[in-house]
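Please read the structure below before turning to the comments.
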Amino acid sequence: MGERGGRTALRDPRDRLVGHDRRALVTEVIAPAVRDGERVTREMLDDGDAGSTRLAFQLRHGPNREGRWLEHRSEPIEDGPLAGGHVELYYGIADGRESESTAERDDQFERLVDAVEEYAIFRLDENGHVESWNHGAERIKGYQATEIVGEHFSTFYTRDDRAADIPDRNLRAAADHGSFESEGWRVREDGSRFWASVTISAVYDDSGDVKGFVKVTRDMTDRRERERQYRRERDLLQQILDTAPVGIGVFDERGEAVRINDRFTELLGREASDPEPYRLGQQPLLGADGDVIPFDDRPAARALATGESVIDRRVRVDGNDDRTRWLSVNATPFGDEPGRVVVTIADVTRLKEQAERLERQRDDIESELRVVFDRIDDAFFALDGSWQFTHVNGRAADLLSRSSAELVGRSVWDVFPEARGTTFQEEYEEAMETQETTSFEEYFEPLNTWFEVSAYPSESGLSVYFRDVTDRKQREQELELYETVVETVDDGIYAVDSDAEFVMVNDGFCELTGYDRDELLGRHATAIHDGDVTGRAEAMVDEILDERRSVATIELDIHRKDGGSVPCESRLAPFELNGEYGRCGVVRDVSARLEQERELETRVRQQEVVTGLGQKALEDRDLDALMREATALVSSTLENDSCAVLELDVDAEALSVRQGVGWQSGVVGAATVSAVGGESQASYTLQSRDPVVVENLETETRFDGSGLLTEHGVRSGISVVIGPWDDPWGVLSTHDSVERSFARTDVDFVQSVANVLASAIDRHAHETRLVRQREQLRALNDVNRVVNDITVAVIEQSTRAEIEETVCERLAGTESYCFAWVGEVDVASEDVCMRTEAGVENYLAEIDLSIDPDGPGGTGPTARAFQTGEIQTVQDVATDPEYEQWRDHAERYGYRSSAAVPISHDGTLYGVLNVYAERPYAFEGEERSVLRQLGRVVGHAIAAMERKHALMSDELVQLQFRIPEIFEALDIGDAVTGTITFDQTVPLSESEYVVYGHATPDAVEGVRSIVDTIPHWIAVTFRDEDEGADRIPFELRLSEPPVLSAVAAAGGSVESARIEDGDYEMTVHLSPTADAKRIIDLVRAEYPAVSLLKRTQVTRTDESSARMRRELAEALTDRQRTTLEMAYYAGFFEWPRHVSGKEMAETMSVSPPTFHQHLRKAERKVFDSLFSHAAENAG
1 MGERGGRTAL RDPRDRLVGH DRRALVTEVI APAVRDGERV TREMLDDGDA GSTRLAFQLR
61 HGPNREGRWL EHRSEPIEDG PLAGGHVELY YGIADGRESE STAERDDQFE RLVDAVEEYA
121 IFRLDENGHV ESWNHGAERI KGYQATEIVG EHFSTFYTRD DRAADIPDRN LRAAADHGSF
181 ESEGWRVRED GSRFWASVTI SAVYDDSGDV KGFVKVTRDM TDRRERERQY RRERDLLQQI
241 LDTAPVGIGV FDERGEAVRI NDRFTELLGR EASDPEPYRL GQQPLLGADG DVIPFDDRPA
301 ARALATGESV IDRRVRVDGN DDRTRWLSVN ATPFGDEPGR VVVTIADVTR LKEQAERLER
361 QRDDIESELR VVFDRIDDAF FALDGSWQFT HVNGRAADLL SRSSAELVGR SVWDVFPEAR
421 GTTFQEEYEE AMETQETTSF EEYFEPLNTW FEVSAYPSES GLSVYFRDVT DRKQREQELE
481 LYETVVETVD DGIYAVDSDA EFVMVNDGFC ELTGYDRDEL LGRHATAIHD GDVTGRAEAM
541 VDEILDERRS VATIELDIHR KDGGSVPCES RLAPFELNGE YGRCGVVRDV SARLEQEREL
601 ETRVRQQEVV TGLGQKALED RDLDALMREA TALVSSTLEN DSCAVLELDV DAEALSVRQG
661 VGWQSGVVGA ATVSAVGGES QASYTLQSRD PVVVENLETE TRFDGSGLLT EHGVRSGISV
721 VIGPWDDPWG VLSTHDSVER SFARTDVDFV QSVANVLASA IDRHAHETRL VRQREQLRAL
781 NDVNRVVNDI TVAVIEQSTR AEIEETVCER LAGTESYCFA WVGEVDVASE DVCMRTEAGV
841 ENYLAEIDLS IDPDGPGGTG PTARAFQTGE IQTVQDVATD PEYEQWRDHA ERYGYRSSAA
901 VPISHDGTLY GVLNVYAERP YAFEGEERSV LRQLGRVVGH AIAAMERKHA LMSDELVQLQ
961 FRIPEIFEAL DIGDAVTGTI TFDQTVPLSE SEYVVYGHAT PDAVEGVRSI VDTIPHWIAV
1021 TFRDEDEGAD RIPFELRLSE PPVLSAVAAA GGSVESARIE DGDYEMTVHL SPTADAKRII
1081 DLVRAEYPAV SLLKRTQVTR TDESSARMRR ELAEALTDRQ RTTLEMAYYA GFFEWPRHVS
1141 GKEMAETMSV SPPTFHQHLR KAERKVFDSL FSHAAENAG
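Using the UniProt record's numbering, the first residue of the sequence shown is number 1, and each one after it goes up by one.
Following this line, the structure appears as structure tokens:
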């Protein structure tokens, strides 16, 4: 019945009771059918408002208006489309049969109530004692019917409620008003409490007196807790959203903001007071190139279009606040809610300004918060065994969008065919089949509604209680969204209550601390940080609550579960929890940022060191001072124990410690390490193109770490090459006594210092070369002047001693050289003796020199010059290890380099000229070549002088030598007869000589045997051998000077030299001033078996011949005399000629015209001398 007394539905049995058609009575007013109907209707409505009631009345019906007594029972309808109406039950009481039917219906109603398990429904007597007990009451309150029936219903109230007389007051209220509703704590049989929704309805007898009550109780504990939990989580997440250090916005597919925090608009450079809400696309976003990013390419638009997340998109914003910011934008679409996107933006300007040195981190994102909808009331319908609706309450009709009339009597599968094959059908059928209660949640698309369903089967059908949980589902999805936002943020998010105990942490926070979520929840915050942090954080929260600050940031060290520590930054804010304030925050690991800042500071410091060293290298020419400072700076900058500059000595295959810090006394300037292979870290560095880094020398396998490093306890270090890897100058190394790793920036720093040193070394070497070149040029000019002076001077000098004195004096008198001396060898003792010196006195007085390799100074430059006949130099006496025994001597006389120059001519070594200079490397390149040539010029001058003396002197010293059985001495087996005469020796070069002679026919084979036996006798050519002459001329080629040439070079002349019947005899003429002993030594050195037969003084007898020889000696040049002698002895002047001019030219290695030119000039001078003397004799 509706609230105005109109009938809205009528069951079939009413037709019998009232005598009217059921369909005709629906929507009709009931009053006309009841005697005193207005009063009865008013009482019914009044009683219905007060709750359930029962009364008796007489009903008139039929054409005769016959009365009939009925018993009426009424139940109010609380919600749904018929809310405010009643369910009216009528029982005929006219006869026993109707009463019996009424009893049956009561029994059916009781069975329906008893089947309900969702509600506790039971009767109370007028004093509040329990009279009935259904299964729902048993499930909810825990009492069996036998335990509670007869007990007072105050048993279900708490002790405080009983003390306050709440149970009796509730009964009185129900009796006074018909019904009473309340919510509060109730007590189960086991003493536990639950939150109950209670309705108490009074039941009246026929006289209107209260005869009892009906009490309906529902357990609301879970729903109440869910609502409270939702409100806490909503408040907590709202606080997190407001305190997040990043901008967070949620936008729909139209670009409108569903939720946006202040930080979002702040980072976009917009005013927070802007009345117009922000829409996607309003603020231009710029790319790295400065161009505006098209809307379709913006992160949010792409995420909406593609359904895929856009992570860490870097954009630039020129805000309305005149600030330019770089932002990192993340856009993530909702997986369960298409058409929405979460956008987070973080200010990365600082990272951009630090040249992207700091690691980028994604900023926090959080999703929108929604208002919790009101709690949802339950709906109910009943199905019989044929799946037809037998009862539908108002709430159910409302939720199903069908009236009760449309549903009752029809199959649920016909009304809702879309439910076939869904979870609803599967669960209902299973419940009926198993007769077990089932509960589930499912979405029904035609109604666009999520339902929470509880189905209770019975033998007669299925009772279904359900409620619309769409709002809760949406809240759960929203909560899941918030949780997704929180969990997808890389940073740690937490919340603690007023006791500083964790009530919420996200995965990022768990990962940061190393604890599981269950290990943190309920634990005090000091488990992960120092105790003083809590006090500081609480003080900051109080300041925010007092509006003394808007946001709080605190730096702290997070203590991880594994014992480690992580530097972090936390932005925190208060949030309300159970009437008290806790705090929540976002924690970010800043170790990478701090490390990058430290690295940046280190690199700046390192760059300052490199720059300072570079400036010092330009300003200071002291290379060792620069190296000392560099090693000190490298060691202190890297906080290492030691550093060294090692200079490479290629010849010695060693690296010497030139400068360094942190080494034991005596190491710098003295210690060396191997530069070969992998014998040391430094040598291995020379072979590697890259720097060599050692973290633990004890486990190093690339090279041998023993030696200098292990003696100093070295465990780790860096070494780099100084100079280009293919032409290194040395190695720069720095070491520490502890095991450690080095950053790439540390290695680059050491390499940069090495590059500065390499540049300084190159510049120093270049400057040194320039100075040396200038000095060498000056010295070269001096030497050239000396050579020119000597060339002139030797013409004027008459003795060898004068020539040698002139050479030494001229050399010592230049600015390039400090002193010079000439020495010769005593053949008997093999000692070097001083002949003359200049610029120094008694230089050899304190030292002994010998040409014997085992004697004193036998390996020095002077001895080597005597031994090899080649110039010997010492470029730096301070560093040359072979000069170590004379280093003190050199320091005393003040020279740094020296040269020992052989004085020789045509294979004859007259002595050695020693020249000394104060500058190192004085005798290189062209200067060395000029000095070598000077030795030859002096040797030639001495030889020419002695030869001149021999030719011009009338008095001669005659030496006669004899070697018996020379072929036997030369180990030529066959005896040789006949005579071999050696007429003349002509030198062609230093390594080529021509000897002219004659041999009797029986001696020809002997000459050939000598050529085959003696290595330096190259070849022999006989002329006119087949013509039967008594004396056959020959031309003999030698690669070493024969004794004849050596005697001539020493100032003597061979008057005769021949081998007759195996015995060799030779007669030599010397000038009286010549050194006869040296000539004798020369011959004996060549032929150890030689005997000096006679030494006599002789006088030239032909004055004119002697004078002519003197004139020719002065007139003919060396080349003219050589040409004339070779032509004469080769038979060029014979007729017919033994050799042609062309053959002579080939022998002399000149062109034919050159040969004839020299020959004609020589002939002219000979004839001039001859005819002038002939004219004198004729006169």
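Positions of the beta carbon are idealized from the N, C-alpha and C atoms, including for glycine.
Here the structure is a predicted model, which is why all the values come from computation and not from measurement.
task = Please name the residue, chosen from 1170, 1135, 1121 and 212, that lies closest to residue 1155 on a Cα-to-Cα basis.
result = Working through the sequence shown from its first residue, we reach residue 1155 at position 1155. Nearest C-alpha to residue 1155: 1121.
key: Inter-residue Cα distance where the pair is residue 854 and residue 1144   = Counting from 1 along the sequence shown, the entry for residue 854 is found at position 854. Counting from 1 along the sequence shown, the entry for residue 1144 is found at position 1144. A straight-line Cα-Cα distance of about 47 Å links residue 854 and residue 1144.
message = Out of 918, 525, 140 and 885, which one is the CA nearest neighbour of residue 812?
response = For the purposes of this step, residue 812 is taken as the residue at position 812 of the sequence shown. Comparing alpha-carbon positions, the option among 918, 525, 140 and 885 lying closest to residue 812 turns out to be 918.
key: Opposing strand residues paired with residue 584 [DSSP bridges]   = Against the sequence shown, residue 584 aligns to sequence position 584. 495 and 573.
query = Just how far apart, CA to CA, sit residue 769 and residue 896?
reply = Counted from its first residue, the sequence shown places residue 769 at position 769. Counted from its first residue, the sequence shown places residue 896 at position 896. If you take the alpha carbons of residue 769 and residue 896, they lie about 16 Å apart.
query = If you drop the 5 nearest sequence neighbours on each side, which residues of the same chain put their C-beta closer than 6 Å to that of residue 1061?
reply = Reading the sequence shown from its first residue, position 1061 is the one you call residue 1061. Taken in chain order, the residues that qualify are 977.
task = Give the DSSP-derived three-state secondary structure of residue 997 in the structure shown.
result = Position 997 of the sequence shown, counted from the start, is the residue given in the question as residue 997. In the structure shown, the three-state DSSP call for residue 997 is strand.
query = Would a C-beta distance cut-off of 7 Å place residue 341 and residue 251 closer than the cut-off?
reply = On the sequence shown, residue 341 is found 341 positions in, with the first residue counted as 1. On the sequence shown, residue 251 is found 251 positions in, with the first residue counted as 1. Yes.
ask   = DSSP state of residue 560, grouped into three classes?
value = Within the sequence shown, numbered from 1, the residue matching residue 560 stands at position 560. The answer is coil: DSSP assigns residue 560 none of H, G, I, E or B.
ask   = Residues bridged to residue 451 by DSSP?
value = Against the sequence shown, residue 451 aligns to sequence position 451. The partner list for residue 451 (beta bridge, DSSP) reads 442 and 468.
inquiry  = Can you look up residue 366 in the DSSP assignment and give me helix, strand or coil?
reply    = Numbered from its first residue, the sequence shown carries residue 366 at position 366. Residue placement at residue 366 cannot be trusted, given a pLDDT of 36 that sits under 50; the coordinates are not used to answer.
ask   = Looking only at its own chain, which residues have a Cβ that is under 7 Å from the Cβ of residue 392, when we skip the five neighbours before and after it?
value = Here residue 392 refers to the residue found at position 392 when the sequence shown is read from its first residue. Closer than 7 Å at the Cβ level, and outside the excluded window around residue 392, lie 381, 404, 407 and 408.
inquiry  = Judging by CA-CA distance, which residue of 457, 703 and 691 is the nearest neighbour of residue 734?
reply    = Residue numbering aside, residue 734 sits at position 734 when the sequence shown is read from its first letter. The option with the nearest alpha carbon to residue 734 is 691.
ask   = Mind checking whether residue 150 and residue 129 have CB atoms under 7 Å apart?
value = Walking along the sequence shown from the start, residue 150 turns up at place 150. Walking along the sequence shown from the start, residue 129 turns up at place 129. In this structure, residue 129 lies closer than 7 Å to residue 150 by Cβ.
task = Would you mind working out which of 644, 188, 205 and 204 sits nearest residue 143, comparing C-alpha positions?
result = Within the sequence shown, numbered from 1, the residue matching residue 143 stands at position 143. Per the Cα distances, 188.
request  = Please name the residue in 1157, 1146 and 202 whose C-alpha comes closest to that of residue 1215.
outcome  = An answer regarding residue 1215 cannot be provided, because it is not within the stretch 1 to 1179 covered by the chain.
message = Measuring straight from C-alpha to C-alpha, what distance separates residue 534 and residue 540?
response = Position 534 of the sequence shown, counted from the first residue, corresponds to residue 534. Position 540 of the sequence shown, counted from the first residue, corresponds to residue 540. Each residue's Cα considered, the two are about 10 Å apart.
key: Candidates 595, 269, 307 and 940: closest to residue 345 by CA position   = Numbered from 1 along the sequence shown, position 345 holds the residue referred to as residue 345. Per the Cα distances, 269.
query = Between the C-alpha atoms of residue 277 and residue 575, what's the straight-line distance to the nearest angstrom?
reply = Looking up residue 277 in the sequence shown gives position 277. Looking up residue 575 in the sequence shown gives position 575. Rounded to the nearest angstrom, the two C-alpha atoms are 26 Å apart.
ask   = Who are the Cβ neighbours of residue 862 in its own chain at under 7 Å, not counting the five residues just before and after it?
value = Position 862 of the sequence shown, counting from 1, holds the residue named residue 862. Only 823, 832, 849, 900, 912 and 914 meet the Cβ criterion.
query = Under the DSSP definition of a beta bridge, which residues are partnered with residue 249?
reply = Counting from one through the sequence shown, the residue named residue 249 turns up at place 249. DSSP lists 260 and 343 as partners of residue 249.
Rounded C-alpha distance that separates residue 779 from residue 875 = Along the sequence shown, read from residue 1 onward, the residue named residue 779 stands at position 779. Along the sequence shown, read from residue 1 onward, the residue named residue 875 stands at position 875. Separation of residue 779 and residue 875 (C-alpha to C-alpha, rounded to the nearest whole angstrom) is 15 Å.
ask   = If you run the structure through DSSP and keep just helix, strand and coil, what is residue 872?
value = Indexing the sequence shown from 1 puts residue 872 at position 872. It is a strand residue.
message = By DSSP's criteria, residue 1033 is part of a beta bridge. Which residues make up the other side?
response = Along the sequence shown, one-based indexing puts residue 1033 at 1033. 998.
inquiry  = Going by DSSP, what residue range makes up the alpha helix (DSSP H) through residue 170?
reply    = Taking the first residue of the sequence shown as position 1, residue 170 is located at position 170. Counting along the chain, the alpha helix (DSSP H) containing residue 170 begins and ends at 166-177.
ask   = Going straight from the alpha carbon of residue 622 to that of residue 757, what length do you get?
value = Numbered from its first residue, the sequence shown carries residue 622 at position 622. Numbered from its first residue, the sequence shown carries residue 757 at position 757. The alpha-carbon atoms of residue 622 and residue 757 are separated by roughly 12 Å.
task = Quickly, what does DSSP pair residue 913 with across the bridge? List them, please.
result = Within the sequence shown, the letter at position 913 stands for residue 913. Beta-bridge pairing links residue 913 to 822 and 901.
request  = Report the rounded CA-to-CA distance for residue 466 versus residue 310, giving the unit in angstroms.
outcome  = Start at 1 with the first residue of the sequence shown, and residue 466 comes out as number 466. Start at 1 with the first residue of the sequence shown, and residue 310 comes out as number 310. Each residue's alpha carbon lies about 41 Å from the other.
query = Identify the residues that DSSP records as bridge partners of residue 834: which are they?
reply = Taking the sequence shown and counting its residues from 1, one reaches residue 834 at position 834. Answer is 823, bridged to residue 834.
Per-residue DSSP class, three states only, for residue 640 = Along the sequence shown, one-based indexing puts residue 640 at 640. It is coil, neither helix nor strand.
request  = Take residue 789 and list the residues in its own chain whose beta-carbon comes closer than 7 Å to its own, dropping the five residues that flank it on each side.
outcome  = Position 789 of the sequence shown, counting from 1, holds the residue named residue 789. Hits under 7 Å: 810.
Opening and closing residue of the alpha helix (DSSP H) in which residue 413 lies = As a first step, residue 413 is located in the sequence shown; it is residue number 413 there, counting from the start. Going by DSSP, residue 413 is part of the alpha helix (DSSP H) stretching over 412-415.
inquiry  = As a quick exercise: from 288, 289, 290 and 284, pick the residue whose alpha carbon is nearest that of residue 296.
reply    = On the sequence shown, position 296 is the one that residue 296 refers to. It is 284.
query = Span of the beta strand (DSSP E) holding residue 607?
reply = Position 607 of the sequence shown holds residue 607. Where residue 607 is concerned, there is no enclosing beta strand (DSSP E), although the alpha helix (DSSP H) it sits in stretches over 591-619.
message = Measuring CB atoms only, is the region 925-940 touching the region 962-970, in the sense that at least three cross pairs come out at less than 8 Å?
response = no
query = Less than 7 Å separating the beta-carbons of residue 343 and residue 300?
reply = The count along the sequence shown starts at 1 and reaches residue 343 at position 343. The count along the sequence shown starts at 1 and reaches residue 300 at position 300. Result yes, Cβ atoms of residue 343 and residue 300 sit closer than 7 Å.
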